[in-house]
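In terms of numbering that gives the first Met the number 0, the sequence shown has 234 at position 235, counting the first letter as 1, and numbering is strictly consecutive.
Everything below concerns the one structure shown next.
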Amino acid sequence: MSGAGRGGAGRALVRAPGPRLAEGIVTHAARRPVDVALAARQHEAYVAALRSAGWRVRAVAPADDQPDAVFVEDALVVCGDVAVVGRSGEERRRGELAGAERAARGLGLRIERIEAPGTLDGGDVLQAGDTVYVGRGTRTNEEGICQLARFVGGRRVVPVDIGGCLHLKSAMTALPDGALIGVPEMVDTSVLPCLRVPREPTGAQVVVLGPEHVLMAASAPRTAARLAADGLRVTSVDIGEFEALDGCVTCLSVLVP
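Following this line, the structure appears as structure tokens:
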């Protein structure tokens, strides 16, 4: 979820990588071996960055039989006091949902669910101000988008066709002021306002940690430098082992302002 904590009041749901991480689904990245021990250290550094920014971290129960469960964002969309439990277009990922739902209940959130024939991954849902952009692709379909629209409190929902990427937030995210940053070749720009183009593809992926603070992957140093020059505080973390599995910084947490 794109959102900033206020005064350290935000909570962050994370799930540690499991022993089968290297078996994770790869759709767009070139398949290479994944160092599970290194991934665990990178995940710890990611969690430390959230804590340093004032987020209270809560661990989602492990799902060690689910290789992609570390990408906890795909299981849940949190909007206000509602947590929408997704239903991935990739059937192999549906076993990740139960633990994420329990964690959302533990935060006191009201639970809604995407039901068949709808499909929706949280990685396709970008909240920017009063608008919710939803990527329409292999993981999220039109019916899933329509169901989500009923749960987001009357906010404007804009479907965005995507291509050449796994999720919308692989290609586009929002900066603290709500401005969009993304790779125009991967999204239908006709439905978007002005789109800022990053210096590297992974520079399109930011997590808003605070009003002027963003988290980015270390693989986007030129974009990070540009955003820092514009006055943002940028925290960079190495998530290379997760990038090898089509992951990015947004995938590894669900932020609940």
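Just so it is clear, CB atoms sit at the ideal spot from N, CA and C, and this is done for glycine as well.
Because the structure is a prediction, the values reported are computed rather than measured.
key: Option nearest S189 by Cα separation, candidates A219, Y132, G202   = Y132
query = For the beta strand (DSSP E) that contains T234, what are its first and last residues?
reply = 232-236
ask   = From which residue to which residue does the alpha helix (DSSP H) around C145 run?
value = 141-150
ask   = What residue does the beta strand (DSSP E) around P158 start on, and which one ends it?
value = 155-160
ask   = With distances taken from CA atoms, which of F150, V46, L191 is nearest I161?
value = L191
Contact belief for G94 with D120 at Cβ below 8 angstroms, rounded distance in angstroms = Actually they do not touch by this definition, with Cβ atoms about 14 angstroms apart.
message = Measuring only the C-alpha atoms, how far is L12 from R155?
response = 25 angstroms
task = Pull up the CB-CB distance for D63 and R92, whole angstroms please, since I reckon it's below 8 angstroms.
result = In fact, because the Cβ distance is near 15 angstroms, the residues do not count as touching under 8 angstroms.
task = Have a look at A82 and R198 and give me their C-alpha separation to the nearest angstrom.
result = 33 angstroms
request  = Could you say if the stretch 210-221 and the stretch 240-249 meet the contact criterion of at least three C-beta pairs nearer than 8 angstroms?
outcome  = yes
task = Kindly indicate which three-state DSSP category L191 falls into: helix, strand or coil?
result = coil
message = With distance defined between alpha-carbon atoms, name the residue in R138, G117, V151 nearest to I110.
response = V151
message = So, with DSSP's three-state summary, where would you put C262?
response = Nothing can be reported for residue 262, as the shown portion of the chain is limited to 0 through 256.
Enclosing alpha helix (DSSP H) for Q41 [first to last residue] = 35-51
ask   = If you compare alpha carbons, which of E22, L37, A36 is closest to R30?
value = E22
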